[in-house]
Every structure is written in C-alpha cells, then in structure tokens.
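J.:
There are 2 protein chains.
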Amino acid sequence: MSDTISDGGSRSLIASDRVIGTDVRRPDGERVGRIERLMLDKASGRVAYAVMSFGGFLGLGGGYHTLPWSVLRFVPDFDAYVVDLSEDQLRDAPTRTPEGTDPAEDRDWEERVHRHYNAAPYWGV
Amino acid sequence: MSDTISDGGSRSLIASDRVIGTDVRRPDGERVGRIERLMLDKASGRVAYAVMSFGGFLGLGGGYHTLPWSVLRFVPDFDAYVVDLSEDQLRDAPTRTPEGTDPAEDRDWEERVHRHYNAAPYWGV
Chain D
342 MSDTISDGGS RSLIASDRVI GTDVRRPDGE RVGRIERLML DKASGRVAYA
392 VMSFGGFLGL GGGYHTLPWS VLRFVPDFDA YVVDLSEDQL RDAPTRTPEG
442 TDPAEDRDWE ERVHRHYNAA PYWGV
Chain Y
342 MSDTISDGGS RSLIASDRVI GTDVRRPDGE RVGRIERLML DKASGRVAYA
392 VMSFGGFLGL GGGYHTLPWS VLRFVPDFDA YVVDLSEDQL RDAPTRTPEG
442 TDPAEDRDWE ERVHRHYNAA PYWGV
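Chains as they are written, first to last, in the working numbering: chain D, 342 to 466; chain Y, 342 to 466.
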C-alpha cells in the first residue's frame, strides 16, 4: 500500500501508521530514537507533538521526549525523521510528558518545550 | 495514562493511539464504523482525513471510507466520534481511497470527497 500521495502541487499526505514506529536520526545519520505516538491539537486538527522513545543515546537511560512536530523533517534517504538538534538540546530536553501534568501548568510546559527546541508554537499559528 | 490535556484555555491534545480504533457513530448513537488510520498533510502537519472501516451498516458490505477530518466530532458520552451525515451521504460516499490513485487525479478526488461531505477543505485554510 502506498503511504503517500501527491497531486503534483504542494499537497502530500502520509499515513499515521507510516509515521509511528519510524526512526528519528541526527543529520549525520546517528539514531536517536523512534516515534511512538502523535499528539493532536483537537481544535485545529494539527499535529502538535511527536512522542519519541529513546535509549542509550548520549549515555542517557531510556525514556521519552515530547518533540514539537515542527522540529522533525522526513528524509527519505534515511527512511527516518531527522532532528537537527545539538547534543545539549537532546541531553537537557524536558522529559516530563503531558501525562500526569497538572493541567494548569501545561501552558508553561508547552512554552518551555518549544523554547528548548527553538520551535514555532503550533497554537496561534 | 491520561490521553488528553487541557490548559484551561482553548488548547486540548489527544494521542493518536486514542483516536485510532475509536468508534464512529451517528448522532443517534448507531455505530457506523471505526477509525483505522489518519492521513496527515505533510506540509501543514494537519490531519487531513480519517480512514474509517465499516461493515454491515445500511446493508453495505465491508470497506473503507476516507472522511475529511473536519466532519468528525468527538462526543465523550458515546466515547466515539460522531458524524452528522445522512444515510445517502454514507451510502453514496466515495469509497476509493488515495491508495492506487493516479496522482494526477488526486485533487479531483479530494475535491469530490470534500464536496460530498460538505466539508471545508484542509488545504488553503
């Protein structure tokens, strides 16, 4: 089954089950992790975050990072999403995920995450 | 694991694995089908379509409908997405999915699907 379509213009679709399970790599090809799920903004229908599992990278234990969707770029040659992030950005990334978060604190958390990755916010866009 | 967060404002997130597998019902609660996958617009990060499997509804055989995301509304009381579509709209829905489609024809297909469901297009929004 083909997972993308293109109309020859700017539109191009990809299936969610093609995104989930895909590797995340650095620009040099080093594997960072794997996409486990997407977080959708219900109001806009926009993908807000990709939750990436990782393990062993940079000597870190296993865990999850919640990455703003806009920092991921699909690179067909790698068959992976590439994140152009420094070691420090990956090492010091906020690992707390929205689960278990006090809802009143979420906006702070979201703003901190987007600042950390220099990502444009998905809200108010 | 909580699957939604809210900041008390207008933002509210939902996990892709909470959407996929969820029932689709009509406003009276009748089950129409189940969401199997999402189709994402790569450029905007927007969910363009939900692919819904169905079987036996209205005497139709099994198959798939590709629904514009904007026609789906989550209703917590049903724990399902509700589509406010007539029997005719469901019976006569374009069943051809983008797979196997001549890419040159996709824009026509997309426009036909959106017209069929009276859905606002996800492109150029």
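For each residue, glycine too, the CB sits at the ideal point set by N, CA and C.
Since this is a predicted model, take the numbers as computed values, not measurements.
My assumption, with CB atoms under 8 Å, is that Y:Arg-297 sits in contact with Y:Asp-364. Please give the rounded CB distance.
T.: In the structure as shown, chain Y begins at 342 and stops at 466. Residue 297 of chain Y is therefore absent and cannot be evaluated.
J.: Roughly how many angstroms lie between the CA atoms of D:Asp-443 and D:Asp-449, to the nearest whole one?
T.: In this predicted model, D:Asp-443 has a pLDDT of only 47, less than 50, meaning its place in the structure is not dependable enough to derive any value.
J.: Would you list the one or two residues that DSSP bridges to Y:Pro-409?
T.: Y:Tyr-390
J.: Start and end of the beta strand (DSSP E) containing Y:Leu-354?
T.: 353-356 is the span of the beta strand (DSSP E), which, as asked, contains Y:Leu-354.
J.: Output, in chain order, the set of chain D residues within a Cβ distance shorter than 8 Å of Y:Leu-354.
T.: In chain order: Met-380, Leu-381, Asp-382, Lys-383, Ala-389, Tyr-390, Pro-439.
J.: Does the beta-carbon distance from D:Val-426 to D:Tyr-458 come in below 8 Å?
T.: Checking the displayed sequence, the identity of residue 426 of chain D turns out to be Leu instead of Val. For D:Leu-426 and D:Tyr-458, yes; Cβs fall inside 8 Å.
J.: For chain Y, is any of its Cβ atoms less than 8 Å away from the one on D:Val-416?
T.: no
J.: Under a Cβ-count criterion, where at least 16 other Cβ atoms within 10 Å of its own Cβ denotes burial, should D:Pro-409 be classed as buried or exposed?
T.: buried
J.: Return the first residue and the last residue of the alpha helix (DSSP H) that D:Arg-456 is part of.
T.: 447-457
J.: Between the C-alpha atoms of Y:Glu-452 and Y:Ser-394, what's the straight-line distance to the nearest angstrom?
T.: 21 Å
J.: Tell me, please, whether the CB atom of D:Gly-386 is closer than 8 Å to any CB atom in chain Y?
T.: yes
J.: Taking 8 Å as the CB-CB cut-off, is Y:Ser-357 touching chain D?
T.: Yes, Y:Ser-357 counts as interfacial toward chain D.
J.: Would you mind working out which of Y:Ser-353, Y:Trp-464, Y:Ala-434 sits nearest Y:Tyr-405, comparing C-alpha positions?
T.: Y:Ala-434
J.: Assuming Y:Leu-381 is part of the alpha helix (DSSP H), what are its boundary residues?
T.: Per DSSP, Y:Leu-381 lies in no alpha helix (DSSP H) segment; the continuous beta strand (DSSP E) that holds it begins and ends at 372-382.
J.: Sorted by chain position, which residues of the same chain lie with C-beta nearer than 7 Å to D:Val-360's C-beta, five sequence neighbours on each side aside?
T.: Within the same chain, and ignoring the five residues on either side of D:Val-360 in sequence, the residues whose Cβ sits closer than 7 Å to its Cβ are Ile-376, Leu-379.
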